[in-house]
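*Asks:* Residues in the sequence shown are numbered from 2 upward in steps of one, following the working numbering. Here a beta-carbon is modelled for each residue, glycine too, at the ideal position from N, C-alpha and C. Please find one structure pasted underneath; my questions will follow.
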Amino acid sequence: MGVRGLNTYIADRSTLYLKPYELCDTYLIIDGKCIAYQLYLSYCNNYGIFGGDYDEYYKVVKKFFSKLLQCNVTPFVLLDGGHEEKKLKTIYNRGKEKVLGLKLISNGFYSNKFTPIFLSSTFVSVLNDLNILCMRCDYEADGEIATIAKALNCPVLSFDSDFFIYDVVYIPFSTVNITPVEKKSSEKEKIKYYMQCSVFEVTNFLNAHDGFDKSLLPILVTLLGNDYVDSSIFHKFFDHVIMGKNKNASFTQRKIQGVINWLKKENFETAKAGILKHLRKIDAPKVLRAINQSISDYDSAFLSSPVYTQVSQILEIKKIDGSFLKEKKSNINLPIPLSNSYSKAHIPSFVMDLITLGSYYTHFQIEDIRSSSSHFVSLDLIQAISVILHKYSVKKSNKFKLYACFKGMYCPILVENIFTEFLSNINLDEVLILPKSSRAELLYKIVDFDEDDIITVESFPSDWSIFLISYVYWIKSMDLSITQAHIYSLFFMAVANKVVQKRTGYYENSSAFMKSNKNFLNENNGTTIKVNNDLKSFTEMVNSLKKYECLLFQKLLIPLRNDDKNNYK
């Protein structure tokens, strides 16, 4: 999760620590969770108030990875998995901070800490469409990202300050210019491209601070505050540290400079002793554990089993020695189809949390803080998933904790698992390899659909199924009454995305739309649009739509979509 203030500290001294780099002709190990967020934050204008513009985000992600491929970069994306028990306090505190952020938004303030709920799945869908290697780790991916980068001798792309401490070639995302630059070559050679960026290497940092011992880096991040210990525990120690003298810098920046200056005069043992003597005796064991954990994290060569297998295959093909790598065997005996789906990021990471922690952490999104979390509408589904996974659960509890915003507070809510005979007998070894129609029947039963519900869903084209199942389930599960405005607005947008946009293409604004379609619209201006009352099904209606009709619909829609963005407050 990073060391607070370190990104800014390095960026402010970029000429000292960062070196220009031409990104091309290499593997690139990508911190998937971080880059998914950075692409959204940097290029999507952060319009999340109405749930996010997934079309725009898909386009941004596809463009970014296409540019990498143009530069002959082979991306290898690793995603975080479940939460580790040792970091739960930090995760809980971050959740409380998110609730405070929601309260600020409710009062008219701006926050960029919230992403659309399906951001990660949209990101993964782009990677799948481009055939880019993407894997989900069992838990946090940082250590495995660094290990693979060392094995393949290639850079890491992230914006997580933890990578300033790992001994890897690290490209901070903020330094990347995504517009490829043509490489100078002879006329006979094929044109090559590279991306301009900057890299950080630990040796640059050590050289800039003569006398700084590399073994002190884990102590540096512990003092500054990482996922294992809050830096406030060191307040007495900081009373004896001379802070940086730049009066224009923030307290955090001066503190970082002060700690670096102090550590330059120490070795590992004297630094540790100097810190411990300023701590309460009760805090000393906690700090020692935090330092040891940081050392373990930054020196680890372990990879979760599926990732280890994949990396070993790459190393074998490239004839690189990977004998230093170690396979981290999981203590969870998951069915092979479930394990494969999880490692390929085809199913979400909350599956691991339910299995290992007996917990479900809701994804924060912008919504009315005075109301209960929108996730509560899906509680029956979450309960069903918890029961299905129970046989693989580590804790074997009949309850699980749902972490969500409730009455303006972030808190764990104890939820009872309801063990029906039907759910208890679902075998994931078999279910995940069943035909789609058989899995659909199971889903209908889980969401308690009657015959009319099923007929409604199956009367539409197959690519409407997930939307309609969610739509009907939402209507049946809501405590509040659903109005026609809700029904028509959702259906209106579904037609726009699933029918009209597929035929007309996606247009960011009216200018781009008119540039492509002005002549066709002018040629067909005055065409009478007839209503055909003989159509017997929605599919027939969709198939009867003409290109001109779809273009008129799209022309009306684009200003509405842009209006949403202009009204973000």
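Which residues does DSSP list as the beta-bridge partners of Val74?
*Replies:* Val74 is bridged to Thr27.
*Asks:* Ordered along the chain, which non-local residues of its own chain (more than five positions away) have a Cβ less than 7 Å from that of Ser232?
*Replies:* Taken in chain order, the residues that qualify are Leu224, Leu225 and Gly226.
*Asks:* Quick check: Ser306 and Lys345, are their CB atoms within less than 8 Å of each other?
*Replies:* Their beta carbons are not under 8 Å apart, which means Ser306 does not touch Lys345 by this criterion.
*Asks:* Which one of Tyr22, Ile133, Ile149 and Gly83 has the shortest CA to CA distance from Phe65?
*Replies:* When only C-alpha atoms are compared, the closest one is Ile133.
*Asks:* Name the one or two DSSP bridge partners that Ser305 has.
*Replies:* Note: Ser305 sits in a beta bridge opposite Lys329.
*Asks:* Excluding the five sequence neighbours on either side, which residues of its own chain have a C-beta within less than 8 Å of the C-beta of Gln1, listed in chain order?
*Replies:* This structure cannot settle anything about residue 1, because the visible part of the chain is limited to 2 through 570.
*Asks:* Indicate the three-state DSSP secondary structure (helix, strand or coil) for Lys282 in the structure shown.
*Replies:* Lys282: coil per DSSP, three-state reduction.
*Asks:* Using three-state DSSP, classify Ile192 as helix, strand or coil.
*Replies:* Of the three classes helix, strand and coil, the one that applies to Ile192 here is coil, per DSSP.
*Asks:* Express the C-alpha separation of Tyr309 and Tyr569 in angstroms, rounding to a whole number.
*Replies:* Reliability fails at Tyr569, whose pLDDT of 45 lies under 50, so the model's placement of it is uncertain and no value is given.
*Asks:* Given a threshold of 16 other Cβ atoms within 10 Å of its Cβ, counted over all protein chains shown, does Ile470 qualify as buried or as exposed?
*Replies:* Per the 10 Å Cβ criterion, buried.
*Asks:* At which residue ranges does the segment 156-239 contain complete alpha helix (DSSP H) runs of 4 or more residues, listed in the order of the chain?
*Replies:* If we require 4 residues or more, the alpha helix (DSSP H) runs fully inside the segment 156-239 come out as 203-209, 218-225 and 236-239.
*Asks:* Rounded to whole angstroms, what's the CA-CA distance from Val458 to Leu131? Just pull it up for me.
*Replies:* So the alpha carbons of these two residues sit roughly 30 Å apart.
*Asks:* Could you tell me the distance, in whole angstroms, from the CA atom of Val388 to the CA atom of Ser425?
*Replies:* Rounded to the nearest angstrom, the two C-alpha atoms are 7 Å apart.
*Asks:* Near Tyr18, what residues of its chain come up, given a Cβ to Cβ distance below 8 Å and the 5 sequence neighbours on each side ignored?
*Replies:* For Tyr18, where only same-chain residues beyond five positions count, the Cβ hits under 8 Å are Ile11, Phe201, Asn205, Phe206 and Ala209.
*Asks:* For Pro221, which residues in the same chain have their Cβ closer than 8 Å to its Cβ, ignoring the five residues on either side in sequence?
*Replies:* With the sequence shown as reference, residue 221 is identified as Leu, and Pro is not the correct amino acid for it. Once the five neighbours on either side are set aside, the close Cβ partners of Leu221 are Ile166, Val260, Ile261 and Leu264.
*Asks:* I'd like to check one pair, Gly33 with Asp161: are the Cβ atoms closer than 8 Å?
*Replies:* Taking 8 Å as the Cβ cut-off, Asp161 and Gly33 do not qualify as a contacting pair.
*Asks:* For the segment 458-517, list the alpha helix (DSSP H) runs that are entirely contained and at least 4 residues long, ordered along the chain.
*Replies:* With a minimum length of 4 residues, the continuous alpha helix (DSSP H) runs that stay inside the segment 458-517 are 466-478, 485-496 and 502-505.
*Asks:* On the premise that Lys402 lies in contact with Ser360, defined as a C-beta separation below 8 Å, what is that separation, rounded to the nearest angstrom?
*Replies:* Sure, about 4 Å apart at Cβ, within 8 Å.
*Asks:* For Glu417, count neighbouring C-beta atoms within 10 Å of its own C-beta (all shown protein chains included) and say buried if the count is 16 or more, exposed if not.
*Replies:* It counts as exposed.
*Asks:* Applying the 10 Å Cβ sphere with the 16-neighbour rule, what's the burial state of Asn518?
*Replies:* Looking at its Cβ environment, which holds 16 or more other Cβ atoms inside 10 Å, Asn518 is buried.
*Asks:* Looking only at C-alpha atoms, which of Ser350, Phe303, Lys104 and Leu217 sits nearest to Ser324?
*Replies:* Of the candidates Ser350, Phe303, Lys104 and Leu217, the one whose C-alpha sits nearest the C-alpha of Ser324 is Phe303.
*Asks:* Checking 8 Å against the spacing of the C-beta atoms, do Ser199 and Ser15 come in under that value?
*Replies:* The answer is yes: Cβ separation under 8 Å.
*Asks:* Out of Glu145, Tyr93, Ala385 and Glu328, which one is the CA nearest neighbour of Thr421?
*Replies:* The shortest Cα separation from Thr421 among Glu145, Tyr93, Ala385 and Glu328 belongs to Ala385.
*Asks:* Report the residue from Leu153, Tyr171 and Leu552 whose alpha carbon sits nearest the alpha carbon of Lys20.
*Replies:* Of the listed residues, the one whose Cα sits closest to Lys20 is Tyr171.
*Asks:* With DSSP as the reference, identify every bridge partner of Lys400, one or two as the case may be.
*Replies:* The partner list for Lys400 (beta bridge, DSSP) reads Glu417.
*Asks:* To the nearest angstrom, how far is the alpha carbon of Ala405 from that of Leu415?
*Replies:* Cα-Cα distance, rounded: 11 Å.
*Asks:* Based on Cα-Cα distance, which residue from Glu86, Thr123 and Gly83 lies nearest to Tyr55?
*Replies:* The option with the nearest alpha carbon to Tyr55 is Thr123.
*Asks:* CA-CA distance, Gln314 and Lys248?
*Replies:* Rounded to the nearest angstrom, the two C-alpha atoms are 53 Å apart.
*Asks:* Only counting the same chain, and skipping five residues up and downstream in sequence, which positions put a Cβ closer than 7 Å to that of Val501?
*Replies:* These residues qualify, in order along the chain: Cys551, Phe554 and Gln555.
*Asks:* Can you tell me which residues form a DSSP beta bridge with Ala405?
*Replies:* DSSP, once it has assigned bridges, lists Cys412 as partnering Ala405.
*Asks:* Can you have a look at Gln485 and say buried or exposed, based on whether 16 or more other CB atoms are within 10 angstroms of its CB?
*Replies:* Exposed, because fewer than 16 other Cβ atoms sit within 10 Å of the Cβ of Gln485.
*Asks:* State the Cα-Cα distance for the pair Thr253 and Val203, rounded to the nearest angstrom.
*Replies:* When rounded, the distance between both Cα atoms is 21 Å.
*Asks:* By DSSP, does Cys138 sit in helix, in strand, or in coil?
*Replies:* Cys138 falls in the coil class under three-state DSSP.
*Asks:* Is the beta carbon of Leu80 closer than 8 Å to that of Ala142?
*Replies:* Taking 8 Å as the Cβ cut-off, Ala142 and Leu80 qualify as a contacting pair.
*Asks:* Thinking C-alpha only, which one of Pro156, Leu558, Lys547 and Pro219 is nearest Asn498?
*Replies:* It is Leu558 whose Cα lies nearest to the Cα of Asn498.
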